[in-house]
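Asker:
Chains as they are written, first to last, in the numbering used here: chain A, 5 to 380; chain B, 5 to 380.
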């Protein structure tokens, strides 16, 4: 998508043809800065420090990180070390493992001399496929927005989103934002409520920045405001991304997603999740068994922003001596999810619904809940 | 309650016998600073700027503000002007009107020369009664915590609270914290999850500070984390305050309270509200008709805290050019409230429940929902 007038992806090969460029998302929205990654350590640190974040982009960065490692040393041990190093960066997003497995699986049968080229090609393919997948999510999802517009002529469709499932979280388009950009480009009038998304403020700093650059009308609110907006009839639909969705449709996503989903159910607002297939974990049925990353207390205790005179400053906002807990994700049970927007269409958040669109996954681990529940 | 080892109230008469001292709550938790109020304008500004906040303390400050005005000019017009000025500071908390009506009603029949003394006495009585009322809320509420402790021997009772309904929000003890302080003083092992409470961070800056000074174990979390904690079985009960509770038990409180209540219902966690009688609006049945204050966008867009070298600094956290909305309260429907802890005991959140404890209010505006619903 565009930054000022220049089209960008969130990750790309640098002009030298081998190093990798990312946008340093920790500097946004105050500064737009790109960073060059030249090795697996830099790639791993970029993921762990959240210079890149968002399930799809984590996957693409890990794939390129593995390619960087293989370029330096294409031996089996080096590849396994690099893979383990990258896998250890973030525990929740399933795309990380998916992308690493794909690149590692591709190069395993090859001679050492061939491996780097193939790894780069596969990483590039993962990035390109992500763009295409999200474009399709946009196509399927825009139908929901169009229908809401037709039900409410003369006023914008009001969408609430949480965290950043935008193009900065993917390679382009974004997942939850793909239908939004698509609708906007088609001339459908809409307005996006952007959850601030503490503690790292991805909503206020990334989603708001993205939407602003693309000209999409939006308003930032604190995370606590969404329930009130729904009660007031100010939200036509909720639309969020996912870090991992189980085979039965439980949605693991940024902490606070569950609160919005349960309020949406209470107020009758449809709750949709943009779930590209690489974020579906076919090996897990119950979301409660997905590891929830506990991140550093300092992410909550300190806030970084820009001062009136343009400096970047970090301030403490929690009383001294008070302990802090920082779980980064929560699980929204499938029963609260109206539908999963995948690149193949919109599925009910059930095993049956997902298998209807992905029949080749018919051998997934079943479970007591498989197919048991229809979406409300 | 104590600050270091010195017992404090949140508002008191200064040594001169007429000016009023408050704790500047906007400076907490980084600095403990008291401010002297010498006139109604200063009192009104202290409320509007949230140097004092919390429904009970807003009431006490308004009462003292009116006394300060009457001391300067005891004429009817001046009193009416001062009353209007104070009433305009915050629209949601009902205690403000209640306290002003009480002082104004007391002095109205008196000669000018007698008015100031009586106004001060009445303001002092409002403050003292608040302390006693909250002490009783502590007595009634501690039974809930004691029962939870008996159900779960060998581990602390885990309580989740939102915003600051502590002694800083009242005159002493606090409303939601009164049972917590009481339980702690009785030696019941407990642990409090403190919601950060964006945008003004009253949880992280005031509740955490209070609990820390009193030695109550606690952990600060972002507002989005509470649902996850409840899903994980980490919360035995929720305990919050209220800015206004209707005659049918709808609870108007800090934005985000509704999200916690709806998650508590979804996860089977009891949800209690500490509601001293002055915060009950007997004239209103439906919470949806209570005005919800929309505060300045800058409260969301900018965060103030302390830098590593001890300076207070304000930083921007929202993308430039992105609009912000800042509704300050929401309405938790009575059906989600397990019980209202008043100074007379614990009532179900229904008209019948409240009238059972306050039979003298038997003539309140009825409504379609009066007494219709029992708590779950």
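A virtual CB, placed ideally from N, CA and C, is assigned to each residue, including glycine.
Can you give the beta carbon distance from residue 70 of chain B to residue 90 of chain B, rounded, assuming they're within the 8 Å contact cut?
Answerer: Sure, about 6 Å apart at Cβ, within 8 Å.
Asker: Name the chain B residues whose beta carbon is nearer than 7 Å to that of residue 320 of chain A?
Answerer: Within chain B, the residues near residue 320 of chain A are 309, 310.
Asker: Could you tell me if residue 1 of chain A is buried or exposed, where buried requires 16 or more neighbouring beta carbons within 10 angstroms of its beta carbon?
Answerer: Only positions 5 to 380 of chain A appear in the structure, and residue 1 of chain A is not among them; the question remains open.
Asker: When DSSP builds the beta bridges, which residues end up paired with residue 194 of chain A?
Answerer: Answer is A/161.
Asker: Closest to residue 282 of chain A by CA distance: which of A/98, A/213, A/294, A/274 is it?
Answerer: The candidate whose alpha carbon is nearest that of residue 282 of chain A is A/98.
Asker: Can we say the region 194–202 of chain B touches the region 254–268 of chain B, given the rule of at least three CB pairs closer than 8 Å?
Answerer: Cβ pair count under 8 Å is three or more, so yes.
Asker: Check the Cβ of residue 235 of chain A against every Cβ in chain B and list those closer than 9 Å, keeping chain order.
Answerer: Near residue 235 of chain A (Cβ distances below 9 Å), the residues of chain B are 262, 292, 334, 335, 337.
Asker: Could you check whether the Cβ of residue 200 of chain A sits closer than 8 Å to any Cβ belonging to chain B?
Answerer: At least one chain B Cβ lies under 8 Å of residue 200 of chain A.
Asker: For the pair the region 123–136 of chain A and the region 101–108 of chain A, tell me if three or more CB-CB distances fall below 8 Å.
Answerer: A contact exists between the region 123–136 of chain A and the region 101–108 of chain A.
Asker: Can you give me the C-alpha to C-alpha distance between residue 141 of chain B and residue 195 of chain B, rounded to a whole angstrom?
Answerer: Taking the straight line joining both Cα atoms gives about 19 Å.
Asker: What in chain A is Cβ-close to residue 259 of chain B, meaning under 8 Å?
Answerer: Under the 8 Å cutoff, chain A gives 226, 228, 229, 232.
Asker: Under 8 Å between beta-carbons, which chain B residues line up against residue 168 of chain A? List them in chain order, please.
Answerer: Going along chain B, no residue has its Cβ under 8 Å from residue 168 of chain A, so there is no contact; the nearest lies around 11 Å.
Asker: Applying a beta-carbon distance threshold of less than 8 Å, which residues of chain B neighbour residue 317 of chain A?
Answerer: Residues of chain B passing the Cβ test: 311, 317, 319.
Asker: Contact criterion: CB-CB distance below 8 Å. Does residue 22 of chain B meet it with respect to chain A?
Answerer: Taking Cβ atoms only, chain A never reaches closer than 8 Å to residue 22 of chain B, which makes this a no.
Asker: In chain A, which residues lie less than 7 Å from residue 28 of chain B when you measure between Cβ atoms?
Answerer: The premise fails here: residue 28 of chain B is roughly 15 Å from chain A at the closest Cβ pair, so nothing lies under 7 Å.
Asker: Could you spell out where the alpha helix (DSSP H) holding residue 213 of chain A opens and where it closes?
Answerer: Residues 212–218.
Asker: Here's the rule I'm using: 16 or more other beta-carbon atoms within 10 Å means buried, otherwise exposed. How should residue 319 of chain A be labelled?
Answerer: Under this definition residue 319 of chain A is a buried residue.
Asker: Taking only beta-carbon positions, decide if residue 328 of chain A is within less than 8 Å of chain B.
Answerer: Cβ-Cβ to chain B under 8 Å: yes for residue 328 of chain A.
Asker: In angstroms with no decimal places, state the Cα-to-Cα distance between residue 15 of chain A and residue 263 of chain A.
Answerer: Roughly 32 Å separates the two Cα atoms.
Asker: Would you tell me roughly how many angstroms separate the C-alpha atoms of residue 238 of chain B and residue 164 of chain B, rounded to the nearest one?
Answerer: Their backbone Cα atoms lie some 9 Å apart in a straight line.
Asker: How long is the line joining the alpha carbons of residue 96 of chain B and residue 247 of chain B, rounded to whole angstroms?
Answerer: Rounded to whole angstroms, residue 96 of chain B to residue 247 of chain B spans 7 Å at the Cα level.
Asker: Going along chain A, which residues have a C-beta under 7 Å from residue 270 of chain B?
Answerer: Neighbours of residue 270 of chain B on chain A, chain order: 266.
Asker: Nearest chain A C-beta to residue 138 of chain B closer than 8 Å, yes or no?
Answerer: Not closer than 8 Å to any Cβ of chain A, the Cβ of residue 138 of chain B fails to qualify, so no.
Asker: So residue 216 of chain A contacts chain B; which residues on that side make the cut at Cβ distance below 9 Å?
Answerer: Chain B residues near residue 216 of chain A: 323, 324, 325, 326.
Asker: Helix, strand or coil: which one does DSSP assign to residue 65 of chain B?
Answerer: Of the three classes helix, strand and coil, the one that applies to residue 65 of chain B here is helix, per DSSP.
Asker: Against chain B, does residue 209 of chain A count as a neighbour if the rule is that its beta carbon must be under 8 Å from one of theirs?
Answerer: So, interface residue.
Asker: Grab me the residues of residue 193 of chain B's own chain with a C-beta within less than 6 Å of its C-beta, minus the 5 sequence neighbours each way, in chain order.
Answerer: 160.
Asker: What residues of chain D sit near residue 342 of chain A, judged by a beta carbon separation below 8 Å?
Answerer: No chain D is part of this structure, whose protein chains are labelled A and B.
Asker: At 4 residues or longer, what runs of the alpha helix (DSSP H) sit wholly inside the region 111–167 of chain A?
Answerer: Runs found: 116–155.
Asker: What residue from A/120, A/61, A/81, A/121 has the CA that sits closest to residue 94 of chain A's CA?
Answerer: Checking every option, the nearest Cα to that of residue 94 of chain A belongs to A/61.
Asker: Which first and last residues belong to the alpha helix (DSSP H) in which residue 340 of chain A is found?
Answerer: Note, residue 340 of chain A: premise wrong, no alpha helix (DSSP H); not H, not E.
Asker: Using CA coordinates, which residue listed in A/277, A/170, A/217 is at the minimum distance from residue 338 of chain A?
Answerer: Per the Cα distances, A/277.
Asker: Alpha carbon to alpha carbon, how far is residue 273 of chain B from residue 47 of chain B? Give it in angstroms, no decimals.
Answerer: The alpha-carbon atoms of residue 47 of chain B and residue 273 of chain B are separated by roughly 39 Å.
Asker: Give me the residue from A/66, A/54, A/325 with the minimum Cα distance to residue 217 of chain B.
Answerer: Measuring from the Cα of residue 217 of chain B, the nearest candidate turns out to be A/325.
Asker: Report yes if the CB atom of residue 344 of chain B is closer than 8 Å to the CB atom of residue 279 of chain B, and no otherwise.
Answerer: Yes, these two residues count as a Cβ contact at 8 Å.
Asker: Less than 8 Å between the CB atoms is what I'm expecting for residue 245 of chain B and residue 59 of chain B, so what's the real figure, rounded?
Answerer: That belief holds up - the Cβ atoms of residue 245 of chain B and residue 59 of chain B are roughly 7 Å apart, short of 8 Å.
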